[in-house]
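Remarks on the structure that follows.
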Ligand code: SF4
Ligand code: SF4
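Residue numbers (the numbering used here): 692 to 985.
Here's what the structure looks like:
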């Protein structure tokens with residue numbers, strides 16, 4: 692360029708300057724006239740979105756805004772009627788912006804739209820959208836698809852604490868009530884289990900008295916004998932045994948009682964005299980050992 696410029700004459704330099712100035716002015720004049728019209732704010736899904744090469748692209752937000760596609764993934768929303776409070780979304784969140792406080796119900800609370808039983812209350816279900824990085828992992832793992840990303844993208848707040856969204860389905864008073872109910876239920880259940888676990892003491896019942904049945908043959912009109920079981924008559928209770936005491940015999944040493952005037956003296960009866968037993972003498976067999984005649 693230096694060699695070419697140096698070779699130009701004075702008039703050549705003048706003509707080159709006018710030509711390059713016109714080149715720049717021509718681009719500016721073209722944009723000046725193009726700025727008199729605007730691009731249509733069409734959805735990015737529109738087939739003619741990239742066909743609009745010219746025109747003003749700036750929009751006067753918030754009075755104007757680009758349309759948001761239907762599958763836009765912005766602010767999170769949880770449809771609590773379908774949430775089974777499984778805690779999966781909180782566990783997978785990379786920035787820990789979901790906080791859940793579940794309370795067990797004493798039974799099934801309701802059923803989600805996909806048929807899943809709901810057995811937990813969400814005393815607290817908070818999502819801090821100020822921390823959210825819009826990765827969408829929480830919506831991916833949600834088993835009932837109740838947690839979704841909506842098209843709402845403008846949710847700026849002056850106070851960052853307002854960015855925490857509460858989806859819990861219990862008020863603080865209701866949460867306390869459910870906790871008390873759960874504690875009572877668990878106590879009753881533990882007592883029932885302890886009762887079941889305790890060994891049963893068998894209660895022995897007295898056996899009924901056995902009464903044998905004896906068949907007594909009866910002659911019917913046709914000459915056949917019917918054997919019908921009849922119960923034996925129960926024997927009457929035995930009278931109580933009272934031992935008979937023998938009268939004491941008067942001993943020889945005792946003095947005779949004085950006879951009363953009305954008393955007729957009976958002749959004294961001799962006590963039966965027992966014969967003295969003969970002493971037992973063992974019979975000894977004569978021994979045959981050593982007897983030559985035997
Ligand atoms: S989109 Fe990502 S960052 Fe936001 S709440 Fe879900 S998992 Fe967490
Ligand atoms: S993953 Fe879905 S169902 Fe489970 S707690 Fe989160 S929002 Fe509820």
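We put the CB at the ideal spot given by N, CA and C, even for glycine.
Checklist entry - If you draw a straight line from the alpha carbon of residue 918 to that of residue 903, how long is it in whole angstroms? => result Because the pLDDT at residue 918 is just 49, under 50, the model does not fix this residue reliably, and the point stays unresolved.
Item to check | Supposed close pair residue 794, residue 814 - CB separation, criterion 8 angstroms | outcome: A Cβ-Cβ separation of about 5 angstroms places residue 794 in contact with residue 814 under the 8 angstroms criterion.
Next on the checklist: By the DSSP assignment, the beta strand (DSSP E) with residue 791 in it spans what residues?
Outcome noted: Taken as a continuous stretch (DSSP letters only), the beta strand (DSSP E) holding residue 791 covers 789-795.
Item to check | Start-to-end residues for the alpha helix (DSSP H) that takes in residue 720 | outcome: Looking at the DSSP string, the run of the alpha helix (DSSP H) that includes residue 720 is 701-725.
Checklist entry - Leaving out the 5 sequence neighbours to the left and right, which residues in its chain are closer than 8 angstroms to residue 786 when beta-carbon positions are compared? => result In its chain, beyond the 5 residues on either side, 822, 823, 824 have a beta carbon closer than 8 angstroms to the beta carbon of residue 786.
Next on the checklist: Pop quiz: residue 888 and residue 765 are said to be a contact at Cβ under 8 angstroms. What is the actual Cβ separation, rounded to whole angstroms?
Outcome noted: Contact between residue 888 and residue 765 does not hold, since the beta-carbon distance rounds to 55 angstroms and is not under 8 angstroms.
Next on the checklist: I'd like to confirm something about residue 734: is its beta-carbon nearer than 7 angstroms to some heavy atom of ligand 2, or not?
Outcome noted: Distance from the C-beta of residue 734 to the nearest heavy atom of ligand 2 is not below 7 angstroms.
Checklist entry - For residue 834 versus residue 784, is the C-beta distance shorter than 8 angstroms? => result In this structure, residue 784 does not lie closer than 8 angstroms to residue 834 by Cβ.
Checklist entry - Taking only runs of the beta strand (DSSP E) that begin and end inside the stretch 823-878, which ones reach a length of at least 3 residues, in chain order? => result Entirely contained in the stretch 823-878, the beta strand (DSSP E) runs reaching 3 residues are, in chain order, 838-840, 855-857.
Next on the checklist: Is the beta carbon of residue 750 closer than 8 angstroms to that of residue 797?
Outcome noted: No, the Cβ-Cβ distance between residue 797 and residue 750 is not below 8 angstroms.
Checklist entry - residue 931 by DSSP, collapsed to three states: which one? => result In the three-state DSSP reduction, residue 931 falls in the coil class, being neither helix nor strand.
Checklist entry - Which value, in whole angstroms, describes the spacing of the CA atoms of residue 936 and residue 890? => result Going from the Cα of residue 936 to the Cα of residue 890 covers about 56 angstroms.
Item to check | Cα-Cα separation between residue 810 and residue 802, rounded to whole angstroms | outcome: Answer to the nearest angstrom: the Cα atoms are 9 angstroms apart.
Next on the checklist: Once DSSP output is grouped into helix, strand and coil, what is the label at residue 752?
Outcome noted: Assigned with DSSP and collapsed to three states, residue 752 falls in coil, not helix or strand.
Item to check | Distance between residue 725 and residue 735 (C-alpha atoms, nearest Å) | outcome: Going by C-alpha positions, residue 735 is about 22 angstroms away from residue 725.
Next on the checklist: To the nearest angstrom, how far is the alpha carbon of residue 775 from that of residue 807?
Outcome noted: So the alpha carbons of these two residues sit roughly 7 angstroms apart.
Checklist entry - So, is residue 805 buried or exposed, given that buried needs 16 or more other C-beta atoms within 10 angstroms? => result Exposed, because fewer than 16 other Cβ atoms sit within 10 Å of the Cβ of residue 805.
Checklist entry - What three-state label does DSSP hand residue 812 in the structure shown? => result Strand.
Checklist entry - For ligand 2, is there a heavy atom less than 7 angstroms away from the beta-carbon of residue 769? => result The answer is yes for residue 769.
Item to check | Exposure of residue 846, with buried meaning 16 or more beta-carbon neighbours within 10 Å | outcome: Label assigned to residue 846: exposed.
Checklist entry - So residue 819 and residue 854 are in contact, right, with Cβ under 8 angstroms, and what is the actual spacing, rounded? => result Between the beta-carbon of residue 819 and that of residue 854 there is about 6 angstroms, and that keeps the pair under the 8 angstroms contact cut.
Item to check | Beta-carbon proximity of residue 812 to residue 869, cut-off 8 angstroms | outcome: Against a cut-off of 8 angstroms, the Cβ pair of residue 869 and residue 812 comes out as a contact.
Next on the checklist: Using a Cβ-Cβ cutoff of less than 6 angstroms, which residues in the same chain neighbour residue 880 once the five nearest sequence positions on both sides are dropped?
Outcome noted: Closer than 6 angstroms at the Cβ level, and outside the excluded window around residue 880, lies no residue.
Next on the checklist: I need the straight-line Cα distance from residue 914 to residue 901, nearest angstrom please.
Outcome noted: Any reading at residue 914 must be qualified, since the residue scores a pLDDT of 48, below 50, and its modelled position is unreliable; no value is offered.
Item to check | Span of the alpha helix (DSSP H) around residue 775 | outcome: No residue range can be given for residue 775, since it is assigned to no alpha helix (DSSP H) and is classified by DSSP as neither H nor E.
Checklist entry - Between which two residues does the beta strand (DSSP E) carrying residue 762 extend? => result Here residue 762 belongs to no beta strand (DSSP E), and DSSP marks it neither H nor E.
Item to check | Exposed unless 16 or more other CB atoms sit within 10 angstroms - verdict on residue 773 | outcome: Answer is buried; the Cβ neighbour count reaches 16.
Checklist entry - What number of angstroms, rounded off, separates the C-alpha of residue 840 from the C-alpha of residue 744? => result Spanning the two alpha carbons is a distance of roughly 32 angstroms.
Item to check | Cα-Cα separation between residue 702 and residue 728, rounded to whole angstroms | outcome: So the alpha carbons of these two residues sit roughly 41 angstroms apart.
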